[in-house]
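Chemist: For what it's worth, our numbering labels the leading residue of the sequence shown as 251, then goes sequentially.
Ideal Cβ placement from N, Cα and C applies to all residues, glycine included.
Structure below; questions to follow.
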Amino acid sequence: MLSPAILLILSQYFWFTETVVSALARVLRDDWKKSSELATNIIYIFFCFSSFTQFHG
């Protein structure tokens, strides 16, 4: 599980965060039918990112 401390560290590296979000979105789009657990975890990660205003465009 992602802790708030890790998300705050990631927010300092926007280029890294943008790359991670893009990769997760691609995996979710391509593989959501193959694994509901994977899809649930990726959606939860997006939910965690949404809790921090640093990640809002």
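By how many angstroms is the C-alpha of ARG279 removed from the C-alpha of SER272?
Modeler: C-alpha separation (whole angstroms): 11 Å.
Chemist: Looking at LEU274 and ILE256, is the spacing between their C-beta atoms short of 8 Å?
Modeler: Not a contact, by the Cβ cut-off of 8 Å.
Chemist: Any heavy atom of the ligand ZN inside 7 Å of the beta-carbon of ARG276?
Modeler: What this structure holds is no ligand at all, so the ligand ZN is not there to describe.
Chemist: Which residue's Cα is closest to the Cα of VAL277: LEU288, THR267, GLU268?
Modeler: Ranking the options by Cα distance to VAL277, first place goes to LEU288.
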